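Engineer: First, the structure itself, so that you have it in front of you.
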Amino acid sequence: MDILKGEIKIYSINDDEVYEVDFMNLVVDKADGLKVVDCDNHFCEFTGVHPSKIKQGKLFLHNIIKPIYREEIMRALCKKNSPYVYFDAEFIDKDKNEIFIHCTGQNYDNSSLCRLTLADVSKSQELQEKLRNKAKEMNYLIDLVTGGVCLFKVTSDMHIEVQYLNEGACRIFGTTKQAYVKKNYRLDELIHPEDKSIVFQAIGKAMATDGECDLEIRTIVHKGEYKWCKFNAAIGRYDEDNTPIFHAMITDITQIKKAEESADKMRDMLVEMFKNLPDPIFCTGTDDIWQLQIVSEDFIKFLGFSRFHIFDEHKGRLDDFVSEREAKFIEAQIKKQISDGKSTTVSRYSVRTKSGRFLVVEDRRKLVKQADGSYSMICRLKNVTNSYSEMF
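The sequence shown maps to residues 0 to 391 in numbering that gives the first Met the number 0.
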């Protein structure tokens with residue numbers, strides 16, 4: 000058996016702090032309850048077990064691992080198609096001390112054997128604590144930056160099977176890393192029924208074109224309760240049977256959606272209220288003073304045309320009902336009044352009604368500042384045809 004000899008390495012976090020790290024090597028048999036079948040002298044010294052006893056198969060890896068880590072390590076070592084494994088755990092040394100160990104492993108091809116290299120950093124308790132805190136801090140920061148990370152594949156049965164979830168994704172889906180690895184965790188079972196078709200369509204297109212999925216979908220949290228998620232996914236790699244493995248970034252946008260829904264409801268309420276205001280009233284922007292945005296019912300009645308006729312056939316263009324020469328003149332007049340600093344503009348022009356008659360109207364507009372800093376105009380028309388005629 001090719002076993003590396005134990006060695007001691009020195010490294011530092013900075014010039015003022017130097018720490019000692021012991022490396023230990025051993026080989027375990029996964030088919031025999033993680034029996035230690037070979038090791039170096041450093042490992043024997045660490046466990047306090049004589050090499051001859053180890054050669055006789057008297058030591059198992061579980062004997063020197065803190066119980067809370069045993070199941071997790073067994074799963075990591077026995078995971079299919081994993082030539083290399085990495086884990087951290089607390090081992091128990093010959094003096095019954097719990098020692099924090101970093102471990103890397105290599106599974107032998109066509110064999111139940113796995114070679115492990117253990118890094119014992121216990122000779123510096125200060126470093127040990129720093130490593131733990133640093134790992135927690137880095138994991139937290141990574142989750143803050145990346146949000147939810149998910150690796151998944153689509154089976155021939157159109158099941159979206161999760162291969163990996165980070166802590167952020169676990170929070171979004173309401174699960175834990177321990178829970179999702181124990182069973183086939185299917186993402187398609189969490190997607191809102193109304194959103195499943197667009198997800199599968201997007202995934203199918205990505206597989207055909209090697210493109211990306213960029214969707215906003217709902218994921219079920221509890222019965223009748225769901226979250227809105229931003230779902231960005233693309234093929235990251237292919238597994239042994241050429242099945243694409245998707246790498247997805249998932250962001251919880253539930254609060255954004257709630258704010259949008261609230262804003263939409265408020266806007267709908269204001270629009271409905273605006274439509275029911277008395278007198279011919281409408282709204283336009285300041286850049287295009289003839290493009291109607293919202294109009295009151297009295298405005299529709301004033302012109303005599305239907306709402307469909309105004310907004311579908313004429314695209315909401317009020318200047319379609321005003322002579323071209325007059326429309327250009329009035330536009331220049333209103334914009335000049337705005338540039339002069341006036342918050343209210345007044346102008347007069349003729350507008351064509353459904354009956355074919357032209358009415359002279361007084362157009363009074365009030366500048367209104369929007370939440371984003373832009374301006375719009377609320378406008379009121381008044382029929383002044385009779386008073387205008389009396390002037391002549």
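By construction, the Cβ of each residue, glycine as well, lies at the ideal position given by its N, Cα and C atoms. Source: prediction; values computed, not measured.
Using 8 Å as the threshold, is the region 199–214 in touch with the region 42–59, meaning 3 or more CB pairs across them?
Structural biologist: Too few Cβ pairs lie closer than 8 Å, so no.
Engineer: Note down the Cα distance separating I255 from I329, rounded to an integer number of angstroms.
Structural biologist: Each residue's Cα considered, the two are about 42 Å apart.
Engineer: Determine the direct distance from the alpha carbon of K152 to that of D21, and round the result to whole angstroms.
Structural biologist: Cα to Cα, the separation comes out at about 40 Å.
Engineer: Taking F86 as the reference, give the member of I63, C43, L117 with the closest Cα.
Structural biologist: The shortest C-alpha separation from F86 is found at L117.
Engineer: Give the DSSP-derived three-state secondary structure of P243 in the structure shown.
Structural biologist: Residue state, collapsed to three classes: strand.
Engineer: Within 10 angstroms of the Cβ of N96, are there 16 or more other Cβ atoms? Answer buried if so, exposed if not.
Structural biologist: With fewer than 16 Cβ atoms within 10 Å of its Cβ, N96 is classed as exposed.
Engineer: Can you tell me which of S322, K65, M376, N80 puts its alpha carbon nearest to the alpha carbon of I100?
Structural biologist: Here the closest residue by C-alpha is K65.
Engineer: Count the other CB atoms, across all protein chains shown, that sit within 10 Å of the CB of R379; report buried if there are 16 or more and exposed otherwise.
Structural biologist: Per the 10 Å Cβ criterion, buried.
Engineer: Note down the Cα distance separating D108 from K79, rounded to an integer number of angstroms.
Structural biologist: D108 and K79: Cα-Cα distance of roughly 12 Å.
Engineer: Sorted by chain position, which residues of the same chain lie with C-beta nearer than 8 Å to R74's C-beta, five sequence neighbours on each side aside?
Structural biologist: Result list for R74: V180, in chain order.
Engineer: Using the Cα positions of S111 and H61, report the straight-line distance between them to the nearest angstrom.
Structural biologist: Rounded to the nearest angstrom, the two C-alpha atoms are 17 Å apart.
Engineer: Who are A232's beta bridge partners in DSSP?
Structural biologist: A232 pairs with C212, A247.
Engineer: What is the DSSP secondary structure of G167, counted as helix, strand or coil?
Structural biologist: G167: helix per DSSP, three-state reduction.
Engineer: Select from G56, E89, P82 the residue whose C-alpha is nearest the C-alpha of E71.
Structural biologist: Cα-wise, what sits closest to E71 is E89.
Engineer: Would you grab the beta carbon distance between Y348 and V321 for me? Rounded to a whole angstrom, and I think it's under 8 Å.
Structural biologist: Indeed they touch by this definition, with Cβ atoms about 6 Å apart.
Engineer: Going by DSSP, what residues sit across from F86 in a beta bridge?
Structural biologist: Beta-bridge pairing links F86 to C102.
Engineer: Note down, in chain order, each residue of its chain lying with its Cβ closer than 6 Å to the Cβ of Y10, except the 5 sequence neighbours on either side.
Structural biologist: Residue placement at Y10 cannot be trusted, given a pLDDT of 43 that sits under 50; what the coordinates show is reported in the next sentence. There are no such residues.
Engineer: Based on DSSP bridge pairs, tell me the residues matched to F151.
Structural biologist: For F151, which the question treats as bridged, DSSP gives the partners V161, F245.
Engineer: In angstroms, rounded to a whole number, what distance separates the CA positions of P243 and M206?
Structural biologist: The straight-line gap from Cα to Cα measures roughly 8 Å.
Engineer: Compute the Euclidean distance between the alpha carbons of P192 and A258, then round it to the nearest angstrom.
Structural biologist: Their backbone Cα atoms lie some 23 Å apart in a straight line.
Engineer: Assign T253 to one of three DSSP states: helix, strand, or coil.
Structural biologist: Note: T253 maps to helix in three-state DSSP.
Engineer: Could you pull the start and end residues of the alpha helix (DSSP H) that E361 belongs to?
Structural biologist: Taken as a continuous stretch (DSSP letters only), E361 belongs to no alpha helix (DSSP H), being part of the beta strand (DSSP E) at 357–368.
Engineer: So the alpha helix (DSSP H) N96 belongs to, where does it begin and stop?
Structural biologist: It is not in any alpha helix (DSSP H) - N96 carries neither H nor E in the DSSP assignment.
Engineer: Could you check where the alpha helix (DSSP H) with A178 kicks off and where it finishes?
Structural biologist: Segment 176–179, the alpha helix (DSSP H) holding A178.
Engineer: Taking the continuous alpha helix (DSSP H) assigned at D297, which residues delimit it?
Structural biologist: Per DSSP, D297 belongs to the alpha helix (DSSP H) from 296–302.
Engineer: DSSP three-state label for S110, please.
Structural biologist: Looking at S110 - three-state DSSP - the assignment turns out to be coil, as it is neither helix nor strand.
Engineer: Output the boundary residues of the beta strand (DSSP E) element that contains Y397.
Structural biologist: No answer is possible for residue 397: it lies beyond the span of the chain, which begins at 0 and ends at 391.
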